[in-house]
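J.: Under the working numbering, residues 437 to 632 are what the sequence shown spells out, in order.
Glycine included, C-beta positions come from ideal geometry on N, C-alpha and C.
On a predicted model such as this, the values are computed, not experimentally measured, just so you know.
Take a look at the following structure, please.
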Amino acid sequence: MRATRHHHAVSSRWGRGALRALRIKTALQVLLSTLALLCCASQSAADSLAEYRIKAAFLVNFVAFTEWPDEVGNTLNLCVYGPDPFGWELSKFQGRSVGGRSLTVTRVNSVDKLESCQIVFITRPVIDNLLRVLDTLSGKPVLTVADSPGAMRQGVALNLGTRQSRVIFEANLAAARGNGLNLSSKLLNLASEVRQ
Numbered sequence: 437m438r439a440t441r442h443h444h445a446v447s448s449r450w451g452r453g454a455l456r457a458l459r460i461k462t463a464l465q466v467l468l469s470t471l472a473l474l475c476c477a478s479q480s481a482a483d484s485l486a487e488y489r490i491k492a493a494f495l496v497n498f499v500a501f502t503e504w505p506d507e508v509g510n511t512l513n514l515c516v517y518g519p520d521p522f523g524w525e526l527s528k529f530q531g532r533s534v535g536g537r538s539l540t541v542t543r544v545n546s547v548d549k550l551e552s553c554q555i556v557f558i559t560r561p562v563i564d565n566l567l568r569v570l571d572t573l574s575g576k577p578v579l580t581v582a583d584s585p586g587a588m589r590q591g592v593a594l595n596l597g598t599r600q601s602r603v604i605f606e607a608n609l610a611a612a613r614g615n616g617l618n619l620s621s622k623l624l625n626l627a628s629e630v631r632q
């Protein structure tokens with residue numbers, strides 16, 4: 437009962453607008469803290485669901501810490517290219533506001549359908565198509581992400597991996613900039629490797 441009274445007192449003192457402004461002001465700090473915690477989160481290599489729960493959270497944080505050109509608009513379409521390893525873990529972010537833009541999640545099985553995407557996660561079973569994907573998206577404001585060894589060196593902007601049972605990521609700054617995107621220095625500080 438005391439918590440409820442306190443909540444009402446805060447609501448009436450601040451008003452909805454002020455509380456909303458306070459939430460918005462701290463949103464990036466919360467996202468950064470979440471990403472930092474995820475960098476250190478242990479997960480069993482045998483538990484694919486737990487691994488992709490963590491990777492889904494990383495993906496959403498990647499979106500939040502990427503600076504998009506104005507031409508992108510207010511909605512970001514996150515496309516999973518190939519067999520979806522995320523399942524519900526990524527779907528639960530459908531329609532959420534991330535970094536001031538609404539996020540949609542789409543599953544895509546054809547490279548030709550990737551042009552409507554702003555974030556493309558290339559799954560392991562289709563990584564052999566990576567060069568075709570990168571060629572299709574070259575110069576477009578699209579953030580490419582994978583979780584396959586060597587993908588960052590081949591031109592993917594962000595590549596997830598595991599080290600000592602922890603999820604890590606590496607960044608290809610040149611690939612992101614080549615597509616007109618800027619990655620936050622706060623994000624890059626958490627990367628295991630940054631390629632200029």
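Does the Cβ of Asn497 have 16 or more other Cβ atoms within 10 Å, making it buried, or fewer, making it exposed?
T.: So Asn497 ends up on the buried side.
J.: Here's a check: name, in chain order, each residue in its chain whose Cβ is nearer than 7 Å to the Cβ of Arg537, leaving out the five neighbours to either side.
T.: If we look at Arg537 and ignore the five residues flanking it on each side, its Cβ neighbours are Asn510, Thr511, Leu512.
J.: Mind checking which residues open and close the alpha helix (DSSP H) that includes Arg532?
T.: Per DSSP, Arg532 belongs to no alpha helix (DSSP H) and is neither H nor E.
J.: Put Gly597 into one of helix, strand or coil per three-state DSSP.
T.: In this structure, Gly597 counts as strand in the three-state DSSP scheme.
J.: Three or more beta-carbon pairs under 8 Å between the segment 519 to 528 and the segment 488 to 497, yes or no?
T.: In short, these stretches touch, since the Cβ pair count reaches three.
J.: Tell whether a beta-carbon distance below 8 Å holds between Thr502 and Leu617.
T.: Yes, the pair counts as a contact, with Cβ atoms nearer than the cut-off.
J.: Go ahead and label Val592 buried or exposed: buried means 16 or more other beta carbons lie within 10 angstroms of its beta carbon, across all protein chains shown.
T.: Its Cβ being crowded by 16 or more others within 10 Å, Val592 is buried.
J.: Starting from Thr511 and walking both ways along the beta strand (DSSP E), at which residues does that stretch end?
T.: 511 to 517 is the span of the beta strand (DSSP E), which, as asked, contains Thr511.
J.: Which residue comes first and which comes last in the beta strand (DSSP E) that contains Ser484?
T.: Run containing Ser484: none in the beta strand (DSSP E); it sits in the alpha helix (DSSP H), 484 to 500.
J.: Can you say whether Gly535 is buried or exposed, counting buried as having 16 or more other CB atoms within 10 angstroms of its CB?
T.: By the neighbour-count rule (16 or more Cβ atoms within 10 Å), Gly535 is buried.
J.: Quick one: using the 10 Å Cβ neighbour count with 16 as the cut-off for buried, is Phe594 buried or exposed?
T.: Here residue 594 turns out to be Leu, not Phe, going by the sequence shown. Result: buried.
J.: Excluding sequence positions up to five away, which residues of its chain have a Cβ less than 7 Å from the Cβ of Pro505?
T.: Pro577, Gly616, listed in sequence order.
J.: Suppose the cutoff is 8 Å on Cβ atoms and the five residues either side in sequence are ignored; what does the same chain contact list for Gln465 look like?
T.: Only weak support is given to the placement of Gln465: the predicted model assigns it a pLDDT of 48, under 50, and the question is left unresolved by the model.
J.: Where are the alpha helix (DSSP H) runs, 4 residues long or more, that stay fully inside the segment 548 to 603, in chain order?
T.: Runs found: 566 to 573, 587 to 590.
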